[in-house]
Each structure stands twice: as C-alpha cells, then as structure tokens.
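*Asks:* Next up is a structure, given as structure tokens.
Protein chains in written order, with my numbering: chain A, 1 to 166; chain B, 167 to 332.
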C-alpha cells in the first residue's frame, strides 16, 4: 500500500502534475481524479471505437472517442494528438431475459477516460488516466494501476489497448 | 425451405411491400434487402445504444442509433417514431493478445438495420429489417427470421430488444 502511494506520487510529480494549473472550478461542479482528469461533457454521445467483453470481471464495455480521437483512429495516426480523449463505459453484464446465450449491459460499473496531453502527462505516456464510479473520482491507489498495465502491454499503439473495430 | 419462402413472401405482401415505391437507384449505387432496406449513410458514426455478447455465435455486437432513435431512447418514447433507425454491428470475437480474460472484436460478421416506417412496414411491427454481409444484402430466407423472433419476444418494447445502456 505504502509503496503504491509513493509510486503514484512520484509518477504524478514526474508528469508535472500541478493542481495550480487546473482551470478554476469548485468541487460542486467538476470533480477531478488525483491525475487531474474530469468527466468530459457529452462523452456518452461520442462515436464507438469498439466493444469488449471481460470475463473475469463479468463485464461488458464500450470504448468511445471524441472527434480528435476518432479522426486519429480513422486516419491511423499514431501517436494520438493532444486533445484526443477515449472513454470506457463499463457495465456488469446480465443475461438477456429475452434471448438465449446473450449478455447485455446490467448495472453500470463506472466510466474511465484517457486524455492525451503530451506535456502535462509526459510521465505516463502523454495520457492522463481517470476513473469514475457513480460520478465520483476513484482514489490514488486505483489510478496507480492504469499506467503500469498500459505501459507493459501496448507501447506500439501509443499505450492504447483498443483498436478501431471496422 | 419452400415453406419459409412462402411465409416470407406472404409477410412481405402483408406489409404492403411494393418494389415500385422504392426510390430509383441502380444496383451499383444502392443495394437493398428483399425487405427494401438499404445501408444508411454514416451509420458507423451514430451514437451507442448498447453493446452485447452472444456466446452461441461467438460474437460481440454494438447497437447504434440515428438521431431520431437516440432521441426516442433518451426520452423513453415508445413506439419509436418514423425515421428511427437502429444499426447492429457484429463481429466474431477474438481473445485479446494483450489482456487476459478479455474478448475484443475480430473479423466483422455483418451489419443489420431496423428502419421504422409504420405504414411501409405495417406487417412487421412498423419495422423494416435488413441484414448485410460484406456490404451485400442477405437473402429472403434470412430476412424471414428477423420479425418472428422480435414479434415473439419484445412486444412491450416496440419490438426492439436492445435497451439504452446508461
């Protein structure tokens, strides 16, 4: 636990993480993660990158992208440009009551974001990772798990797991 | 086989299915299903209704909706108004090479549409069902399987299986 927190703090420091550089906002209107990520307006209306199914967590997910991200995907531009944002919508999966052998979204689990800002997030591949559960930012410990996994697995795709599903 | 075709023909006739009422188009520019459904322009950019996972077919799917459909979903308007279109994108699922216990879209299987036109498709709940594989319309037999299943299972949701995933 202790080591995790220390690592996270070190990573954030390395990323030039300065609270003072965030736009002014009260806790009441914008909640930010420890990594400084907020919930982007209108993200539920973004276009689809791809769905996925995670068995060990019993979840269905969809990755959406804002216009900058979708343009990069469609033109196969890597790395993603600053301003690209990916959103992961996560649901517990539920057996369809009406169709055999089929799972559909059940309870929402949360939503996660990757925000590209090469300078601000230089210490984590240029990406700010943010997780929200019930609209509330997850804690530092949870945020410390994002980057190490992306870093270990998807360097050749600008640290992004999800490919555009054609 | 014979009986199927006969049923389909009967259903289409009941729906007031008239080739002469379709907009003029050559086979080269617009391919229509036997039910008269064409691939709507820009459907891949539509917003997400929900993802799903179908185990017996080893597939991942995403249902998208055009603006009219999404507005109806969000305002909980049933039946869907004329002009609403739903698109189902279907992929064979593939094990992620980079993340355990996770499936992602593999090869595309096809795309299906439900087009709301209460008058034109009066015989099939007001919906025109269309299936395309590799951009080509499926045959009459395949189209004959859509409506009976929707009819049997989701009357209370205007014959639509997929609910909006919040």
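Note that CB positions come from ideal geometry on N, CA and C, so glycine has one too.
Would you mind telling me which residues of chain A sit closer than 8 angstroms to residue 230(B), beta carbon to beta carbon, in chain order?
*Replies:* For residue 230(B), the chain A residues whose C-beta falls within less than 8 angstroms of its own C-beta are 48, listed in chain order.
*Asks:* Mind checking which residues open and close the beta strand (DSSP E) that includes residue 260(B)?
*Replies:* 251-261
*Asks:* I want to see whether chain B comes within less than 8 angstroms of residue 56(A), judged by CB atoms only; does it?
*Replies:* yes
*Asks:* Suppose the cutoff is 6 angstroms on Cβ atoms and the five residues either side in sequence are ignored; what does the same chain contact list for residue 274(B) look like?
*Replies:* Sequence-distant Cβ neighbours of residue 274(B) in its own chain, meaning closer than 6 angstroms and more than five residues away, are 257.
*Asks:* Answer yes if the stretch 251-267 of chain B comes into contact with the stretch 32-42 of chain A, meaning at least three C-beta pairs across the two stretches below 8 angstroms, and no otherwise.
*Replies:* no
*Asks:* Specify, as a first and last residue, the run of the alpha helix (DSSP H) that residue 237(B) falls within.
*Replies:* 233-240
*Asks:* Assuming residue 162(A) and residue 68(A) are in contact, meaning their beta carbons sit under 8 angstroms apart, how far apart are those beta carbons, in whole angstroms?
*Replies:* Contact flag wrong, Cβ pair sits at about 15 angstroms.
*Asks:* Can you tell me whether residue 317(B) is buried or exposed, with buried defined as 16 or more other CB within 10 angstroms of its CB?
*Replies:* exposed
*Asks:* Report the option in 164(A), 127(A), 165(A), 134(A) whose CA atom is closest to the CA atom of residue 148(A).
*Replies:* 127(A)
*Asks:* Do the stretch 38-53 of chain A and the stretch 270-287 of chain B touch if we need at least three Cβ pairs shorter than 8 angstroms?
*Replies:* yes
*Asks:* At the level of alpha carbons, what is the spacing between residue 319(B) and residue 284(B)?
*Replies:* Taking the straight line joining both Cα atoms gives about 19 angstroms.
*Asks:* Relative to the alpha-carbon of residue 265(B), which residue among 56(A), 124(A), 45(A) has its alpha-carbon at the smallest distance?
*Replies:* 56(A)
*Asks:* When DSSP labels each residue in this structure, what does residue 38(A) get in the three-state scheme?
*Replies:* coil
*Asks:* I need the straight-line Cα distance from residue 276(B) to residue 308(B), nearest angstrom please.
*Replies:* 13 angstroms
*Asks:* On a Cα-Cα basis, can you pick out the residue from 125(A), 44(A), 112(A), 140(A) that is closest to residue 132(A)?
*Replies:* 112(A)
*Asks:* Just to confirm the assignment, what range does the alpha helix (DSSP H) spanning residue 152(A) have?
*Replies:* 146-153
*Asks:* What residues in the stretch 88-111 of chain A bring their beta carbon closer than 8 angstroms to a beta carbon of chain B?
*Replies:* Listed by position along the chain: 89, 91, 93, 96, 98, 99, 100, 101, 102, 103, 104, 105, 108.
*Asks:* Answer with yes or no whether the minimum CB distance from residue 161(A) to chain B is below 8 angstroms.
*Replies:* yes
*Asks:* Counting C-beta neighbours from all protein chains within 10 Å, is the total for residue 136(A) 16 or more, i.e. buried, or is it exposed?
*Replies:* Exposed, since its Cβ has fewer than 16 Cβ neighbours within 10 Å.
*Asks:* When the Cα atoms are used, what is the spatial distance from residue 30(A) to residue 40(A)?
*Replies:* 10 angstroms
*Asks:* Tell me, please, whether the CB atom of residue 279(B) is closer than 8 angstroms to any CB atom in chain A?
*Replies:* Output row for residue 279(B): interface = no.
*Asks:* Who are the near neighbours of residue 78(A) in its chain, counting only those whose CB is closer than 8 angstroms to its CB and skipping five residues on each side?
*Replies:* So the qualifying residues of the chain are 72, 157, 158.
*Asks:* Could you list which residues in chain A have their beta carbon closer than 8 angstroms to that of residue 252(B), in chain order?
*Replies:* Per Cβ cutoff of 8 angstroms: no residues; residue 252(B) is ~14 angstroms from chain A at best.
*Asks:* Determine the DSSP secondary structure at residue 273(B), reduced to helix, strand or coil.
*Replies:* strand
*Asks:* What separation, rounded to the nearest whole angstrom, lies between the Cα atoms of residue 282(B) and residue 231(B)?
*Replies:* 12 angstroms
*Asks:* By Cβ distance, which residues of its chain are closer than 8 angstroms to residue 331(B), with the 5 residues on each side in sequence left out?
*Replies:* By the criterion of a C-beta distance shorter than 8 angstroms, residue 331(B) is surrounded in its chain by 214, 215, 216, 217, once the five residues flanking it on both sides are discounted.
*Asks:* Just the chain A side, please: which residues come within less than 8 angstroms of residue 308(B) by C-beta, in chain order?
*Replies:* Chain A residues near residue 308(B): none, gap ~17 angstroms exceeds 8 angstroms.
*Asks:* Grab me the residues of residue 32(A)'s own chain with a C-beta within less than 6 angstroms of its C-beta, minus the 5 sequence neighbours each way, in chain order.
*Replies:* 38
*Asks:* I need the DSSP call for residue 210(B), collapsed to helix, strand or coil.
*Replies:* Annotated three-state conformation of residue 210(B) is helix, per DSSP.
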